[in-house]
Structure formats: structure tokens, C-alpha cells
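Structure, as C-alpha cells:
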Amino acid sequence: MIFLIEYNRSEGSIVTFRYFDDSERRKAEDSRLEIELDVNRKGVDHEVVLLEAASEDALRRTHRRYFEDLRQILKSR
Amino acid sequence: MCKMPVSKTQIDRLGDRLREVREDPHTESDLRLLDDYRRSFGEAYEAVVRTIRQRGEFPTGRLAKSTVSIVEKLRRESIRLSQMQDIAGCRVVVVNVVRQEQFVASLKTDFPGASLIDRRDNPSYGYRAVHIIAMISGMPVEIQVRTSLQHLWAELSEKSSDVLDPTIKYGGGPAEWRSYLTSSSKSVAAYEDLEKKSSIAVAAYEVMVAVHEDIKKATAELLEHQLPDHEVQEIRGKLEDSTRKMERAELEVQDMQDEMVRLWNVNADRLKETISWLDKLKGQKQ
Numbered sequence: 001m002i003f004l005i006e007y008n009r010s011e012g013s014i015v016t017f018r019y020f021d022d023s024e025r026r027k028a029e030d031s032r033l034e035i036e037l038d039v040n041r042k043g044v045d046h047e048v049v050l051l052e053a054a055s056e057d058a059l060r061r062t063h064r065r066y067f068e069d070l071r072q073i074l075k076s077r
Numbered sequence: 078m079c080k081m082p083v084s085k086t087q088i089d090r091l092g093d094r095l096r097e098v099r100e101d102p103h104t105e106s107d108l109r110l111l112d113d114y115r116r117s118f119g120e121a122y123e124a125v126v127r128t129i130r131q132r133g134e135f136p137t138g139r140l141a142k143s144t145v146s147i148v149e150k151l152r153r154e155s156i157r158l159s160q161m162q163d164i165a166g167c168r169v170v171v172v173n174v175v176r177q178e179q180f181v182a183s184l185k186t187d188f189p190g191a192s193l194i195d196r197r198d199n200p201s202y203g204y205r206a207v208h209i210i211a212m213i214s215g216m217p218v219e220i221q222v223r224t225s226l227q228h229l230w231a232e233l234s235e236k237s238s239d240v241l242d243p244t245i246k247y248g249g250g251p252a253e254w255r256s257y258l259t260s261s262s263k264s265v266a267a268y269e270d271l272e273k274k275s276s277i278a279v280a281a282y283e284v285m286v287a288v289h290e291d292i293k294k295a296t297a298e299l300l301e302h303q304l305p306d307h308e309v310q311e312i313r314g315k316l317e318d319s320t321r322k323m324e325r326a327e328l329e330v331q332d333m334q335d336e337m338v339r340l341w342n343v344n345a346d347r348l349k350e351t352i353s354w355l356d357k358l359k360g361q362k363q
């Protein structure tokens, strides 16, 4: 699956979260570009990233910073 | 065959424009050009991910680095955009350092000529992992291989860079937090070093146990025959010697495991202190 994430770094929170089927790569890339252009126009410091993982759970394990706060990550050890 | 949409010179000029610190936003045409460039890594990325899956690991792929991260890297390092090796990449988190060694060795076979950056012995501001840059039809794809402990540390460093201070990832930030990250990175390194030594010691112990069993069986068979006293003594001596060696190896394994538990507990105590510090910090901000 492909996941599109718009992430507000200073807040440490997700602004947009969308997912696409593996066959929709082109659509996912177009959506990312659309958001990046919008973020650039607005002048906000958001990270827009496309990730591919076997499942959302797998994504949450390998990219925890998008989904958890610092305390949750610390306590998970 | 992967193809760059434009020439290397045009890519580097784009990099120079993105690097400039300016008030107004980047131009839309520059962002579109950057996007085309990132998309050109698609086939190389696919090839790498396919190979990794065949090795039984399930990577999380980053189809392309975000614009924000590219711009930050251009500003931070004196690097040309066409030289950036982590535009496309993926991450594999493995259970421990023993599996990490095995997996990295298999990647070296799968991608001959790939460059390897081992940040375990020379950490980058505490960050420890192995990065492999595979070249597919001239396009670099970065593979990050982390153990679960190295990964946890990296997530802490990245998240704290987001919400506490962006300089943390590069050695800055509040002293208390810096101290925690430094000590926990060292502690993970010590733990993983023991983990590696312990797995070798356990393997050696298992071989010793098998050999000891063979000696025991052979001794029992030999003692069924009428042997002169001095030969019986010699055989018994060898059995006792083997028993002592096995006991020593068992103790060695036990000592290593005790030390691993001790290190784990030290880190857990430090972790509790850090959570309290974090809560205090949050309280002050509110």
C-alpha cells in the first residue's frame, strides 16, 4: 500500500493521511505534488512524504514519529 | 532503464535555486522539475524493494525524499542535488544486531559495488545504523538497515528534533535531552556488542555440549571393555576435562546475559528520569 502523509513538524502531528493501492502509484505521486505546491504557496513548513509498506501497522512500526508523541515512543521501550 | 528527465547540470542548477534562503516561496516550475527528478528514481527503487522482499524482509519504502528534507540537506551540506544519494530509499528494521549482520551481508551480495556506510562504529550524533547505497542503472537507492533498538533511538532523535529543537539531530538542543540521547546511544552500542558476543558464545557452548555428549557415550562404551587401569584413568580424565570446559563456557554465557540485563535496567532507570524531565518541560510550556 502507498501512504501519503502531510506532517506538521513543529506540532509533531499529521495534517493529511491518505492511502492508495499499489497500482495507484501515479495518482499518489500527483496528489503529493498537489499538496506540496499548496504547502509552498501557503509558506508552511510541512513535510509531505509518500511511503510504501505492507500494511498501515508496518508503516506505524517503521515511521513512528509521524504517529506517536515523544512520550509514547519513550514509554514503548 | 531509469532516465533523468533533464541534464545533470539542470538538476544542479535547480539544487542551487532551492538552496537559496529567500522570503518568497519556491517557484512552481522548480517544484515540478524536482518532482519529475524524484519520479525518475521509480524503477531503481522498485528493483531494490523487489530484491529485499525476495530475501524475506518487508521494507517500508520512501518513494522519494520530501521537498522540505531535500532543501534542508542542500542548505546543511555542500552537496549538489545530483549527488544526493537518498532521494529514493527504504528502511528495514531487523530484530537484532546478529540478524543485521546477516542481512547486510546478503545485500552486499545482491548489490555488488554498493557503498556501505556503517554508522554503528562511528555514529552520527548518536545515530547508529547501516546504510547501503545500491546503484541501479546509475541511480542511487538508499537502504537503511536498523536493529529495533537502533530504530527506537533514531525515532526518539527525529521526533525530538521535530517538537523540541530541530538541531537535536545534529548535536544541538537542550543539555538534558542531549545527555540522554548520547548515553542511550552508547548504552545500545554496548548492549548490541554483548548481544553479538553472546550469540557467538552460545553457539560455541552448543558445539561443546554436543562434543561432550559424544565423549560421554564413547567413554561409557570403552569402560564396558576390560582396560588397564591407566587407560581408564586417562579416559575419565578427558571426560572430566570436557565437563570443566563446558561448565566454564556455560558460566561465560550466563555472565554475558547478566550483563545484558544489567545494561537494560540501567537504561530503563535513565529512561524514567527522562520521562519525568519531559513531563516537567511540558508543564512549563503550558
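Going down the list, the sequences are from chains A and B.
Quick note: the first sequence uses my numbering, first residue 1, plus one each step.
Quick note: the second sequence uses my numbering, first residue 78, plus one each step.
Ideal placement from N, C-alpha and C gives every residue a C-beta, glycine not left out.
1. Would you call the region 189 to 196 of chain B and the region 126 to 145 of chain B in contact, with 3 or more CB pairs under 8 Å?
2. Quick one: give me the first and last residue of the beta strand (DSSP E) that Tyr282(B) is part of.
3. Who does Pro217(B) pair with in a DSSP beta bridge?
4. Using the beta-carbon of each residue, which ones in chain B are nearer than 8 Å to Ser31(A)?
5. Can you tell which of Arg64(A), His63(A), Ser23(A), Arg71(A) has the C-alpha that lies nearest to the C-alpha of Met1(A)?
6. Helix, strand or coil for Val343(B) per DSSP?
7. Nearest-angstrom Cα distance between Glu178(B) and Lys273(B)?
8. For chain B, find out if any of its Cβ atoms is closer than 9 Å to the Cβ of Glu24(A); answer yes or no.
9. Which residues in chain A sit within 9 Å of Leu355(B), going by Cβ to Cβ distance?
10. With burial defined as no fewer than 16 other Cβ atoms inside 10 Å of the residue's Cβ, what is the status of Leu70(A): buried or exposed?
11. Under 9 Å, Cβ to Cβ, is there at least one residue of chain B near Ile78(A)?
12. With a 10 Å radius around its C-beta and 16 neighbouring C-beta atoms as the bar for buried, classify His103(B) as buried or exposed.
13. Please list, in chain order, the residues of the region 225 to 237 of chain B that have any C-beta partner in chain A closer than 8 Å.
14. Quick check: the Cα distance between Leu50(A) and Met161(B), rounded to an integer number of angstroms?
15. Report buried or exposed for Val218(B), applying the criterion of at least 16 other Cβ atoms within 10 angstroms of its Cβ.
16. Helix, strand or coil for Asn199(B)? Go by DSSP, reduced to three states.
17. Using a Cβ-Cβ distance cut-off of 9 Å, determine whether Leu271(B) contacts chain A.
In short:
1. no
2. Run containing Tyr282(B): none in the beta strand (DSSP E); it sits in the alpha helix (DSSP H), 252 to 300.
3. Met212(B)
4. Ordered by position in chain B, no residue passes the 8 Å Cβ test against Ser31(A), which lies about 12 Å from the chain.
5. Ser23(A)
6. helix
7. 9 Å
8. Glu24(A) does not count as touching chain B.
9. Leu70, Arg71, Leu74
10. buried
11. Not covered by the structure: residue 78(A). The range shown for chain A is 1 to 77.
12. buried
13. Correct list: His228, Leu229, Glu232, Leu233, Glu235, Lys236, Ser237.
14. 18 Å
15. buried
16. coil
17. no
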